[in-house]
Every structure is written in C-alpha cells, then in structure tokens.
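Chemist: One structure coming up, written as structure tokens, with questions to follow.
In the UniProt record's numbering, the protein residues as written are 1 to 520.
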C-alpha cells in the first residue's frame, strides 16, 4: 500500500475548518489537515503557528470550537485523550511519559494489563510484548527495567506502547530532541517499518534534515492559519523556510524599521563578549560568537535553532555544559543569572509575561526590581533614590503610564517592554541581550524600541539581538550570525546582510550573497 503515491492512499484522518479560541484570541482559524494511510506527514511552523493546538485537538487534549474531524471516514468528537486512543489516534511526546523503574513489558501494558482469574497474567504480558517488539524490529528484552535502557530505546518502547494500543495514527512530537545522532537511525528504521505496516504518522520537528529524510508531505501553519500542504520531494528547503516565515522569494527586500542604519561593525575593538563552543544537550552543539562595544549583533534562526538557548546559557539561566564565555577578556562561568548580572550582562526574555513583568506590581516596583539590592539598606528601600531612578528612566524611555504606581499589567505591550528595558539599563550593564524585543507590540511602539536599541548601541553598549523579524535583523544589525540545529552555519557582514542570505543560511546551512538567482 505504501508504494502508492501519497495522494492515492486512502485517508485515515481528515480535519476541516478547525477553529480554537482562548480567552477571545484565535489560536486556530479554519485549519485543514489530511493524513493518508502509511504516510509520514510533517507539521511545521514557527512559535505561535498553532501546531501544538492542532495536535491537542487531534489527540483529544483540547475540544475544538469549530470544524469537523473524521477518522477513517467516520465523524469523531474527542472529549479526552482516552477517546482519541480508543479511535486509534495516539501521541508520543518528546518527554517520555513512562515509569523508569518498571519493566518494558509493564510499561507497554501499563493500565491495561492482561488478566487471568482476576490476576495479572505476567507470562502473557511478557510474551505479547516480546512478539510486539520483534514485529517492530526491536531487540529489547521485555523483562529489562525501562530506566536501564538508552534514551533512544525508551523512545522506541513509548512508540511500541502506542502501536500496542492499536494506533492508526501516531503523533511523534520532536522525537529526536533528546537522541544522539547514532540513535536517530534507530528511530528512522522504526518509522519506515511502521509505514510499511500501514501506520500513519504525524511528524513534528524543526530539523529539516529529518523532515526530508522521513516525511512524504508537509503542512505549514503560520499564525493559526493553514499556509500550504506540499509533497516534500517537490518543495525546496528555501521555499519551505519562506512559507514558514511568510516571505516570497520575489519580495525579499529590505523593509522599513526605525533603526535608521545599523551600528557600524567595530572591527578593531576587542570583543566585549566572546563565546567558544557552547554546548548543552542537543539544544546547543557548539555555538561561538562575539559582540563588541557599540555593536548590535543579530542572531537569526528558525524555531529550535538554539537562539534562545544561547542567550539563556550566556545569562546563566540554563548554564552551558561545555564551552567558554569571556567578558572583557576575562573568563566567566555564569551558573545563575546573578553571576551574569555581576559580570555586566542583562537579558530581556522573549516571554515578557512569563519571565519579565510581575503583573500585580506597579511600574515603579517592576522597573527597580533588579536594582533593589543597591537601593536597600537594613531591609528598607531608599524611596527617594528609587523615585529618582524611576522618574529618570520613565522620561528617558517615554514610558506612558498614569503614574509610576500604576500596575504594569494595565500598560500596553510596548510600554511594558520599555519598563523591562529600563529595569536593566538602570543597572548600567555592558552587554544587553534582547530576545524578540519587539514581538507582540504595536507598530508605533515597535519603532520607538528599535530607535532606542540603536541609540543604546551608539552610547557604547554591546547588544546581542535575537529576532524573527528579518527586516529588523537586516536594518538593525552590525553583523548577523545564523544558527541551525544548535550550531553556527553563517556569519553575515556588510552588504551580505540581506533577507535572502539569512533565509538561504537557515534552509541550506551556508551563507550566500544576495543574487538574482535567489529572487527568481
């Protein structure tokens, strides 16, 4: 059956016009998705595209607000993951949700152990598990304790459990995120075996090499909407990146931002920050970069490229396991954010609401949060000094609020972001790390923040700016480093900094100067 082209295989799953809303915000807006028997279908998109929401509706974790779902031609409405499992739609998540201290057989039949005379039939459980593993081509002892196996083998057991549940559709969510390269081959072999048996697979991954190695088709989501569905063999990597980012090849021109010209590259100066081969699991696999005073270093990459992980490693939020970090020529080892702050590093997270503002506190309290140790003596805050700092930075950054005592949650997104910038600027850092500094704010506030970043670099502050906005990187960066799969793949300078060259590096893993070929 799987020798037939994807479009000729019978449908096993169809989702039409799927809508999902959360507190008035639309997460999915009329999304269609089809999966055919024995097909491996990639589901891709950047952060906020709607992949997770669609999968949760598909597997019963969420109820849809609109649209229809069919499994093998029969309409279904899943009220829980158990309902989806009963219909043969089963998710295997990147975190292995099994019991490490129980045997492989016990995990495969967890919660539905075969019984005889009211007691667990251990012999049948072991025999059935052994037959299942053999059928899947896995040389794993059903009596071995799961925790003694490699991560790859545990992943295979999780998939085997899904098969034993009668999976018609298996959802594999970032299945290689914790696997070594040699273990990925084991997963590929199993996927191909499942395909040959007629099992359909929804495959979620940010790694292009995987998508092109195992997937028949891909569906691209962006901002909760369906962008396109294509056969992988007929879609160039560059075009896939363009679809994910919402860019057309013939429209990759410099946009207009408020940077008004990037800070010049400081070639002669010694690096303020230098990282050498930062590693952390599979997320960072040897990231090296440097930032000079008065320079804006742009960092580009798709979801999962290691952009945010690099920032968090430098700031000590998720310390690197290997590699070196230097500030002003001195080696530092930030194990906590306090270590990084003492070294002159500030970090504005992309998660403004979750890791930035404290909603119920005032503008005054949020702005001076990092500076409190310097404003406090014997446990008492120096109110006059605090007021002077707050007034100065509210005026300097143009923060619009009824007063410094207004709760920050009542401010617009752009003004909240300015408060977070002020929080760090009042600490007089040498390096400012900005992760998606203009995400989720209106166009007017975006321009103000872009102009402010440019101004700060002009005063000699080193800036490391992570952004998904290509125009922002092109127009605002002195240099651009492109990451892919936790590694550097390109560094762009001068006239080579263009949307075309950034997208090419994301897709192909190497830099290329802007050329007519890319624009055709």
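Glycine included, each C-beta is placed from N, C-alpha and C at the ideal position. Predicted model only: the values in this text are computed from it and were never measured.
1) Could you give the C-beta distance for residue 466 and residue 308, rounded to a whole number, given that I count them as a contact under 8 Å?
2) So, helix, strand or coil for residue 275, using DSSP?
3) Would you call the stretch 51-66 and the stretch 12-30 touching, i.e. three or more CB-CB distances under 8 Å?
4) Which same chain residues, not among the five before or five after residue 391, have their C-beta less than 8 Å away from its C-beta?
5) Are the beta-carbon atoms belonging to residue 53 and residue 91 less than 9 Å from one another?
6) Flag this pair as touching only if the stretch 75-94 and the stretch 24-40 have three or more C-beta atom pairs under 8 Å; answer yes or no.
7) Are there 16 or more other CB atoms within 10 angstroms of the CB of residue 520, so buried, or fewer, so exposed?
8) In this structure, how does DSSP classify residue 486 when only helix, strand and coil are distinguished?
9) Can you tell me whether residue 117 is helix, strand or coil according to DSSP?
10) At the level of alpha carbons, what is the spacing between residue 193 and residue 136?
11) In the DSSP assignment, find the unbroken beta strand (DSSP E) run with residue 465 in it and report its ends.
12) Within this structure, are the beta carbons of residue 104 and residue 55 separated by less than 9 Å?
13) With a CB to CB cut of under 6 Å and the five nearest residues on each side skipped, what residues in its chain are close to residue 186?
14) Around the Cβ of residue 380, are there at least 16 other Cβ atoms within 10 angstroms (buried) or fewer (exposed)?
15) Taking DSSP as the reference, what is the three-state secondary structure of residue 188?
16) Might you give, ordered along the chain, the residues of its own chain that have their beta carbon closer than 6 Å to the beta carbon of residue 438, omitting 5 neighbours on each side?
17) Whose C-alpha, out of 239, 75, 476, is nearest the C-alpha of residue 295?
18) Run through DSSP, which three-state label would residue 40 get?
19) Note down the Cα distance separating residue 218 from residue 41, rounded to an integer number of angstroms.
20) How many angstroms separate the CA atom of residue 416 from the CA atom of residue 347?
21) If you reduce the DSSP assignment to three classes, tell me which class residue 127 lands in.
22) Under the three-state reduction of DSSP, which class applies to residue 427: helix, strand or coil?
23) I need the DSSP call for residue 259, collapsed to helix, strand or coil.
24) Are the Cβ atoms of residue 215 and residue 232 separated by less than 9 Å?
25) Enumerate in chain order the residues of its own chain whose CB-to-CB distance from residue 166 is below 6 Å, with the five nearest sequence positions on each side excluded.
26) Return the residue from the list 463, 8, 129 that minimises the CA-CA distance to residue 524.
27) In angstroms, rounded to a whole number, what distance separates the CA positions of residue 440 and residue 484?
28) How many angstroms separate the CA atom of residue 10 from the CA atom of residue 510?
29) Measuring only the C-alpha atoms, how far is residue 501 from residue 57?
Modeler: The answer reads as follows:
1) Position 466 of the chain shown, counting from 1, holds the residue named residue 466. Position 308 of the chain shown, counting from 1, holds the residue named residue 308. About 7 Å; that satisfies the 8 Å criterion.
2) Indexing the chain shown from 1 puts residue 275 at position 275. Residue 275 carries a strand assignment under DSSP once its states are collapsed to helix, strand and coil.
3) Yes: the two stretches touch, three or more of their Cβ pairs being nearer than 8 Å.
4) Position 391 of the chain shown, counted from the first residue, corresponds to residue 391. Residues 404 of the same chain have their beta carbon placed closer than 8 Å to that of residue 391, with the five preceding and five following residues left out of the count.
5) The residue labelled residue 53 in the question sits at position 53 within the chain shown. The residue labelled residue 91 in the question sits at position 91 within the chain shown. Taking 9 Å as the Cβ cut-off, residue 53 and residue 91 do not qualify as a contacting pair.
6) Output reads no: the stretch 24-40 does not touch the stretch 75-94.
7) As a working note, residue 520 is residue 520 in the chain shown. Any answer about residue 520 is weak, because its pLDDT of 34 lies below 50 and its placement is not dependable; what the coordinates show is given next. It counts as exposed.
8) Residue numbering aside, residue 486 sits at position 486 when the chain shown is read from its first letter. Secondary structure at residue 486: coil, using DSSP grouped into helix, strand and coil.
9) Working through the chain shown from its first residue, we reach residue 117 at position 117. Shown here, residue 117 sits in coil according to DSSP, grouped into three states, outside any helix or strand.
10) Residue numbering aside, residue 193 sits at position 193 when the chain shown is read from its first letter. Residue numbering aside, residue 136 sits at position 136 when the chain shown is read from its first letter. Cα to Cα, residue 193 sits roughly 7 Å from residue 136.
11) Position 465 of the chain shown, counting from 1, holds the residue named residue 465. If you look at residue 465, you'll find it in the beta strand (DSSP E) that goes 462-466.
12) Counting from 1 along the chain shown, the entry for residue 104 is found at position 104. Counting from 1 along the chain shown, the entry for residue 55 is found at position 55. The answer is no: Cβ separation not under 9 Å.
13) Here the question's residue 186 lines up with position 186 in the chain shown. Only 152 meet the Cβ criterion.
14) The residue you call residue 380 lines up with position 380 of the chain shown. Exposed.
15) The residue given as residue 188 occupies position 188 in the chain shown. Residue state for residue 188 is assigned as helix, using DSSP reduced to three classes.
16) Here the question's residue 438 lines up with position 438 in the chain shown. Around residue 438: 446, 449.
17) For the purposes of this step, residue 295 is taken as residue 295 along the chain shown, with counting starting at 1. With respect to the C-alpha of residue 295, the residue from 239, 75, 476 having the closest C-alpha is 476.
18) Here residue 40 is taken as the residue at index 40 of the chain shown, counted from 1. In this structure, residue 40 counts as strand in the three-state DSSP scheme.
19) Reading the chain shown from its first residue, position 218 is the one you call residue 218. Reading the chain shown from its first residue, position 41 is the one you call residue 41. C-alpha separation (whole angstroms): 5 Å.
20) Taking the chain shown and counting its residues from 1, one reaches residue 416 at position 416. Taking the chain shown and counting its residues from 1, one reaches residue 347 at position 347. As the crow flies, the alpha-carbon of residue 416 is around 15 Å from that of residue 347.
21) What you label residue 127 is simply residue 127 of the chain shown in a count that begins at 1. Note: residue 127 maps to helix in three-state DSSP.
22) Within the chain shown, the letter at position 427 stands for residue 427. Three-state result, residue 427: coil.
23) Mapped onto the chain shown, residue 259 falls at position 259. Reduced to three states, the DSSP call for residue 259 is coil.
24) Residue mapping note: residue 215 aligns to position 215 of the chain shown, counting from 1. Residue mapping note: residue 232 aligns to position 232 of the chain shown, counting from 1. Taking 9 Å as the Cβ cut-off, residue 215 and residue 232 qualify as a contacting pair.
25) Start at 1 with the first residue of the chain shown, and residue 166 comes out as number 166. Result list for residue 166: 88, in chain order.
26) It is not possible to answer for residue 524, since the shown part of the chain is limited to 1 through 520.
27) On the chain shown, residue 440 is found 440 positions in, with the first residue counted as 1. On the chain shown, residue 484 is found 484 positions in, with the first residue counted as 1. In this structure, the straight-line span from the alpha carbon of residue 440 to that of residue 484 is close to 24 Å.
28) As a working mapping, residue 10 is identified with position 10 in the chain shown. As a working mapping, residue 510 is identified with position 510 in the chain shown. Spanning the two alpha carbons is a distance of roughly 39 Å.
29) Your numbering for residue 501 matches position 501 in the chain shown. Your numbering for residue 57 matches position 57 in the chain shown. If you take the alpha carbons of residue 501 and residue 57, they lie about 37 Å apart.
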